[in-house]
Structures are given as structure tokens and as C-alpha cells.
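If you're matching positions, the sequence shown starts at 2 in the numbering used here and goes up one per residue.
All C-beta atoms, glycine included, are put in the ideal place defined by N, C-alpha and C.
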Amino acid sequence: SLRREIKEEVNLEVGPLNYLLDLAFIRPDNVPVVILSFWAKYKSGKIKLDEDSIDYKWADLKEIKKLDMVEGLYEEIKMVDKILKKKSFSFPLLKGD
Numbered sequence: 002s003l004r005r006e007i008k009e010e011v012n013l014e015v016g017p018l019n020y021l022l023d024l025a026f027i028r029p030d031n032v033p034v035v036i037l038s039f040w041a042k043y044k045s046g047k048i049k050l051d052e053d054s055i056d057y058k059w060a061d062l063k064e065i066k067k068l069d070m071v072e073g074l075y076e077e078i079k080m081v082d083k084i085l086k087k088k089s090f091s092f093p094l095l096k097g098d
């Protein structure tokens, strides 16, 4: 499950997973790509990077906009920010594992 993978990769416990969006496209080198984006509420844990990761940073939207990120990621983060600000919500909105 994705929650277990998050725990294994960065040592964080997260709440229920919430679907955000999916994208499918073919890269210029003809490799097909499917992206599934989910968001979750942080529950506990101290970040521990695996061997594939270099660094991490907790940041607000202003800081995030200044970071060098994968194209489209900032827009996804803004979408989640809007969801969180609109809701005095109870989890889950959409649940997945």
C-alpha cells in the first residue's frame, strides 16, 4: 500500500489517503508515463531519508513557489492547500491504500 511505502521510504505515518488527480502522457523519448497523485495528513514520525533521497524541507506555499521542482508539482500543492482551507473536514474525503 502507499501508506506502507511512505513509512518505508521516509519514516512518516500518514492518515487516510485522498485522491487528487491522475495524468497520462508519453514523454518525448516515447516512454509512456502515468502519474497518480494523492495527499494525506501527517500523523507522526521523524523524516529519515532513504539512500535514494538527498534532502527534504518543510515549506509554505511562498517558499515552495521558489523551489526548483518537477513541472506541475506546485499546482498540485496549491490544489491541496485549497482543499485544506475550504474544509473543516473530517477524513476521509476519498480513501485509498
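With residue i and residue j assumed to form a contact (beta carbons below 8 Å), what rounded beta-carbon distance in angstroms separates them?
| i | j | result |
| --- | --- | --- |
| G21 | V71 | The residue you asked about is not Gly; residue 21 is Leu in the sequence shown. Not really, about 15 Å apart at Cβ, beyond 8 Å. |
| N12 | K47 | 7 Å |
| Y75 | I65 | 6 Å |
If you drop the 5 nearest sequence neighbours on each side, which residues of the same chain put their C-beta closer than 7 Å to that of residue i?
| i | result |
| --- | --- |
| L24 | I36 |
Could you give the distance in angstroms between the alpha-carbon of residue i and the alpha-carbon of residue j?
| i | j | result |
| --- | --- | --- |
| I7 | V15 | 8 Å |
| F39 | K63 | 21 Å |
| D69 | P17 | 28 Å |
So what does residue i bridge to, in DSSP terms?
| i | result |
| --- | --- |
| Y43 | V15 |
| Y20 | F39 |
Using a Cβ-Cβ cut-off of 6 Å (strictly less than) and excluding sequence neighbours within five positions of residue i, which residues of its own chain qualify?
| i | result |
| --- | --- |
| I27 | P33 |
Could you check where the alpha helix (DSSP H) with residue i kicks off and where it finishes?
| i | result |
| --- | --- |
| L85 | 74 to 87 |
Could you check whether the Cβ of residue i sits closer than 8 Å to any Cβ belonging to chain D?
| i | result |
| --- | --- |
| I84 | Absence of chain D from the displayed structure is noted, only one protein chain being present. |
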